[in-house]
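A short write-up of the structure that comes next.
Residue numbers (my numbering): -2 to 250.
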């Protein structure tokens, strides 16, 4: 008991400067230990790119008819749509590849003026009706659809009022390719990390995946590198590039 009290008194008499030295030594030891066990990580971005060719195309032709009488406009529209469908079949389009939309109508107005000067009055007078219907072709024969989009204007010679829109192109196996590309981008990320660490550290180091974040998947026109926060999904081009991004963090062992 006497010895313990003696030690207490001795510690109590330790000069402040000595206490600071002891604290510094203890703190340095703790800091060194923390550093030695702190995780070392490397962040990398992996990517994958694949060229695909669309295997499905969709094209729309808009047929319209305008007449002073609504019933006549509808009848004329029906005749023009029939001519359009017959034209498509003559080009090799199958029945099941042809789809028609619902018919819509709008009123046609003309602005007239009555009187002169301050007494002049503007009036909108209904002069007729416009009816319209879309004829849509959806086919895996992409080259046929492209040809139709160019040649359908020949219907004008048959008295058909038709507007041709640019085809839309799709790849039906896109979901499967996206999965493959995610795996490829992940492999690319690991390869980048391994080679970077080996070059920087002068030798190979074992890597352990800490975190993986999937970036965006962009489906772009061929040779385009455009990107967006939610990913692109191009339908305007026959050939497309799928660009996949992955962000990985690896622990170095």
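We put the beta carbon where it would ideally sit given N, CA and C, even for glycine. None of the values given here were measured: they were computed from a predicted structure.
Where residue 101 and residue 129 are concerned, what is the direct C-alpha to C-alpha distance, given to the nearest angstrom?
Residue mapping note: residue 101 aligns to position 104 of the chain shown, counting from 1. Residue mapping note: residue 129 aligns to position 132 of the chain shown, counting from 1. Taking the straight line joining both Cα atoms gives about 5 Å.
Thinking C-alpha only, which one of 85, 140, 220, 74 is nearest residue 51?
By one-based count along the chain shown, residue 51 stands at place 54. The shortest C-alpha separation from residue 51 is found at 140.
Can you give, in chain order, each stretch of the alpha helix (DSSP H) that sits fully within the stretch 205 to 248 and has at least 4 residues?
You should have found no qualifying run.
Ignore the nearest five residues each way along the sequence and tell me which others in residue 73's own chain have a CB closer than 7 Å to its CB.
Here residue 73 is taken as the residue at index 76 of the chain shown, counted from 1. Taken in chain order, the residues that qualify are 62, 64.
Would residue 152 and residue 80 be called neighbours here (beta carbons separated by less than 8 Å)?
Reading the chain shown from its first residue, position 155 is the one you call residue 152. Reading the chain shown from its first residue, position 83 is the one you call residue 80. It is a contact, given that the beta carbons lie within the stated cut-off.
Classify residue 112 as helix, strand or coil using the three-state DSSP reduction.
Within the chain shown, the letter at position 115 stands for residue 112. Correct three-state label for residue 112: coil.
Start and end of the beta strand (DSSP E) containing residue 133?
As a working mapping, residue 133 is identified with position 136 in the chain shown. Segment 118 to 136, the beta strand (DSSP E) holding residue 133.
Do residue 135 and residue 55 have their beta-carbon atoms positioned less than 8 Å apart in this structure?
For the purposes of this step, residue 55 is taken as residue 58 along the chain shown, with counting starting at 1. For the purposes of this step, residue 135 is taken as residue 138 along the chain shown, with counting starting at 1. Cβ atoms of residue 55 and residue 135: closer than 8 Å.
Under three-state DSSP, which class holds residue 55?
Here residue 55 corresponds to residue number 58 of the chain shown, with the count starting at 1. Of the three classes helix, strand and coil, the one that applies to residue 55 here is strand, per DSSP.
Drop a sphere of 10 angstroms on the beta-carbon of residue 118, count the other beta-carbons inside from all chains shown, and report buried for 16 or more, exposed for fewer.
The count along the chain shown starts at 1 and reaches residue 118 at position 121. The residue is exposed, with fewer than 16 neighbouring Cβ atoms inside 10 Å.
I'd like to check one pair, residue 38 with residue 186: are the Cβ atoms closer than 8 Å?
As a first step, residue 186 is located in the chain shown; it is residue number 189 there, counting from the start. As a first step, residue 38 is located in the chain shown; it is residue number 41 there, counting from the start. It is not a contact, given that the beta carbons lie outside the stated cut-off.
Rounded to whole angstroms, what is the Cα-Cα separation between residue 310 and residue 196?
As displayed, the chain neither begins before -2 nor continues past 250, which places residue 310 out of reach and without an answer.
Contact check, residue 161 vs residue 149 under 8 Å by CB: the rounded distance?
Counted from its first residue, the chain shown places residue 161 at position 164. Counted from its first residue, the chain shown places residue 149 at position 152. Yes, they are in contact, since the Cβ atoms of residue 161 and residue 149 sit about 5 Å apart, within 8 Å.
Would you decide whether residue 227 is buried or exposed? Buried here means 16 or more other CB atoms lie within 10 Å of its CB.
Here the question's residue 227 lines up with position 230 in the chain shown. Under this definition residue 227 is an exposed residue.
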